[in-house]
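J.:
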Amino acid sequence: MDAEMHNMKTRKVWSLVPAPPKEVKVVGCRWVYNLKKNNEGKAVRYKARLVAQGFSQRKGENYEETFSLVINFSLIRLFFAIFVNLLQWLHWQVDVNCAYLYAKLDETVYMRQPPGYKSKKYPDYVCKLDRALYGLKQSGRQWFTEISSVLEKLGFTKLKWANGVFLKNKVILLLYVDDIVILGKTNEEIQMTVKLLANNFDLKIIGKTRTLLGIQFIEENNKVYLSREHYITEVYNRYKKFLPPITSLPISKGNVYSKLQCPTTDEETKEMERYPYRSVIGCLSFIASRTRPDINYAVNLFSQFQSNPGVVHWSGLMKLLGYLQATKNYKLDIGNIAEISLTAYSDADFASCTDDRISVGGHIVFCGNVPVSWRTAKQKSVTLSSMEAEFLSICETAKELMWLKNVLEECQSTNVLLGDIP
């Protein structure tokens, strides 16, 4: 906490001023504690962060626009498949310490003094924020404006078709808030980029990408694989008291789940409250969207009953967790690529939902033989035939294909890929 307050003073995040009139909103703040872990899931250090209670902000008074700089994870898989595995580029990871504190605020925001650190001389004063603070609604946008301005001055160009991707010669930056992955053709280009960034920000230099957003990047035989084994083990241990059975399939063939199996009495609803259904869905959704397309359909199915899950739904969800535990060593192979070519497959399960007869559509997109993007979702309207359901699914797939195609073409037009394609 002392270290966090030192950062606040060093960056001149706020100044103490007399409290504004009562009609002016003063946001609160609180301390948030976190246990930092390494790529093996072991605790390495404790961290305290001062967070503003942005939920109490009023639009038009102390904030206007919001935005968060996050790269679509499909692009991380795509760029690692092409540049790291196919073209054998190098990869490096850095983290900007206290990133939001670099960004200046456009609006006037007042905040109460941090708990435990009130000024003895001015205990009734409030903090007038001069820079962004974690928790404020506009902080993500202000950080995006700040780092975009710095990177533009350093000669980087932002991709029009993708948030969080910046290019310069044979260097690519992938940004997810304050996490930066640097892809470069040579070590000299990467180190030069790190030096340029360090001249503008306080960096934590991690080295080769080992863990990003909780995903393990495993190098074997000059290829990179993606894994969530440690996280799956953590999730399983968290809920193993509910005795999830170990199974060989994510969802049993022939099982039908519907709202007819949801609780209908107060007693049944109260009984289901002791099961952390939504929490498990959140964990499994994160796993499915990052490294495990094989459970995507099942997670989407069970997520439809979050508002009122029944015993049957919980039982199926536990079987899915047991399947993950049995297959936790599965890794996403993003190294099986010999050429840069996009191929997509789509499918639709016509009128499969017995509650509303809305079809479920899904697709998966490959670059070479590497799955880079996948999605399963109920369609937005009722279809009259399986052909119509298939066409809707194909339409969504085509949108994803066109987007990925435009991203690659923009990389080609900026000379990043020029001369590197075998």
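Sequence positions in the sequence shown follow UniProt numbering and run 1 to 422. All C-beta atoms in this analysis are idealised placements derived from N, C-alpha and C, irrespective of residue type, glycine included.
(1) Between the C-alpha atoms of A344 and V365, what's the straight-line distance to the nearest angstrom?
(2) In this structure, does DSSP put T66 in helix, strand or coil?
(3) Rounded to whole angstroms, what is the Cα-Cα separation between Q113 and G28?
(4) By alpha-carbon positions, which one of R141, K259 and G184 ends up nearest to V84?
(5) To the nearest angstrom, how far is it from the Cα of S303 to the Cα of W314?
(6) Where does L401 sit, in a helix, a strand or coil, going by DSSP?
(7) Quick check on the DSSP output: the alpha helix (DSSP H) that includes I172 runs from which residue to which?
(8) If you follow the beta strand (DSSP E) that Y110 is part of, which residue opens it and which one closes it?
(9) Assuming the contact rule is C-beta atoms closer than 8 Å, I251 and Y176 should be a hit. Round their C-beta distance to whole Å, please.
(10) Is it true that the CB of G140 sits closer than 7 Å to the CB of F67?
(11) Determine the contact status of I180 and T193, defining contact as a CB-CB distance below 7 Å.
(12) I'd like to check one pair, W31 with residue 433: are the Cβ atoms closer than 7 Å?
(13) Report the option in K59, K25, S149 and L78 whose CA atom is closest to the CA atom of residue 423.
(14) Give me the Cβ distance between L154 and L196, rounded to the nearest whole Å; I'm assuming they're in contact under 8 Å.
(15) If you check the beta carbons only, do I190 and L90 fall under 7 Å apart?
(16) Excluding sequence positions up to five away, which residues of its chain have a Cβ less than 8 Å from the Cβ of K160?
(17) Would you say S393 and G368 are within 7 Å of each other, going by their C-beta atoms?
(18) When we look at the beta-carbon of T108 and count the other beta-carbons within 10 Å, is it buried (16 or more) or exposed?
(19) Starting from Y125, trace the beta strand (DSSP E) in both directions and tell me its first and last residue.
(20) Taking the alpha helix (DSSP H) that residue 423 belongs to, which residues open and close that run?
(21) Please specify which runs of the beta strand (DSSP E), each continuous and at least 3 residues long, are wholly inside the segment 333 to 368, giving them in chain order.
(22) If you drop the 5 nearest sequence neighbours on each side, which residues of the same chain put their C-beta closer than 6 Å to that of S56?
(23) Tell me, please, which residues DSSP counts as bridged to P371.
(24) I need the straight-line Cα distance from L133 to N62, nearest angstrom please.
(25) Which of helix, strand or coil does DSSP assign to I147?
(26) Going by DSSP, name the residue or residues bridged to H91.
(27) The beta strand (DSSP E) spanning G207 covers which residue range?
(28) Taking DSSP's pairing of strands, which residues face R49 in a bridge?
(29) If you draw a straight line from the alpha carbon of A48 to that of Y277, how long is it in whole angstroms?
(30) Residues in the same chain with beta-carbon distance under 7 Å from Y117, minus the five sequence neighbours each way, listed in chain order, please.
(31) When you compare the segment 252 to 271 with the segment 281 to 288, are there three or more beta-carbon pairs, one atom per stretch, that lie closer than 8 Å?
(32) Taking Cβ positions, are M310 and P244 nearer each other than 7 Å?
(33) If I measure Cβ to Cβ from G322 and keep anything under 6 Å in the same chain, skipping five residues before and after, which residues do I get?
(34) How many Å lie between Y330 and F391 at the Cα?
(35) Select from T157, F217, K405 and A351 the residue whose C-alpha is nearest the C-alpha of Q379.
(36) So, at 7 Å on beta carbons, what are the nonlocal neighbours of N187 in its own chain, with the 5 sequence-adjacent residues on each side left out?
T.: Walking through what the data contain:
(1) Using only the alpha carbons, I get a separation of about 4 Å.
(2) Taken through DSSP and simplified to helix, strand or coil, T66 comes out as coil.
(3) The straight-line gap from Cα to Cα measures roughly 8 Å.
(4) Selected option, being the one with the closest Cα: G184.
(5) So the two alpha carbons sit approximately 11 Å from each other.
(6) L401: helix per DSSP, three-state reduction.
(7) Note, I172: premise wrong, no alpha helix (DSSP H); beta strand (DSSP E) at V171 to Y176.
(8) Per DSSP, Y110 belongs to the beta strand (DSSP E) from K104 to M111.
(9) At roughly 31 Å, the Cβ-Cβ gap does not stay under 8 Å, so I251 and Y176 are not in contact.
(10) Less than 7 Å separates the beta-carbon of F67 from that of G140.
(11) Annotated as distal: I180 and T193, with beta-carbon spacing of 7 Å or more.
(12) Outside the modelled stretch of the chain, which goes from 1 to 422, sits residue 433, for which no answer is possible.
(13) The structure shown does not extend to residue 423, since the chain is modelled only from 1 to 422, so the question has no answer here.
(14) With 8 Å as the limit, L154 and L196 qualify as a contact, their Cβ atoms being about 5 Å apart.
(15) Yes; because the gap between Cβ atoms is below 7 Å, this pair is in contact.
(16) If we look at K160 and ignore the five residues flanking it on each side, its Cβ neighbours are E410.
(17) Contact flag unset, no.
(18) Per the 10 Å Cβ criterion, exposed.
(19) First-last for Y125: undefined, no H or E at that position.
(20) The structure shown has nothing for residue 423, since the chain only spans 1 to 422.
(21) Here the runs fully enclosed are 342 to 349 and 360 to 367.
(22) If we look at S56 and ignore the five residues flanking it on each side, its Cβ neighbours are V27.
(23) P371 pairs with F366.
(24) Here the alpha carbon of L133 sits roughly 13 Å from the alpha carbon of N62.
(25) Residue state for I147 is assigned as helix, using DSSP reduced to three classes.
(26) Looking at the DSSP assignment, H91 forms a beta bridge with L183.
(27) Taken as a continuous stretch (DSSP letters only), the beta strand (DSSP E) holding G207 covers L203 to G207.
(28) Bridge partners of R49: V32.
(29) If you draw a straight line from the Cα of A48 to the Cα of Y277, it is about 29 Å long.
(30) Shown here for Y117: same chain residues with a beta carbon closer than 7 Å to its own, the five before and five after excluded, namely M5 in chain order.
(31) Touching, no, given that fewer than three Cβ pairs across the two stretches are closer than 8 Å.
(32) The residue asked about is misnamed: residue 310 is Gly in this sequence, not Met. Not closer than 7 Å, so no.
(33) P244, P245, I246 and T247.
(34) Each residue's alpha carbon lies about 32 Å from the other.
(35) Looking from the CA of Q379, the closest CA among T157, F217, K405 and A351 belongs to A351.
(36) Excluding sequence neighbours, N187 sits near L90.
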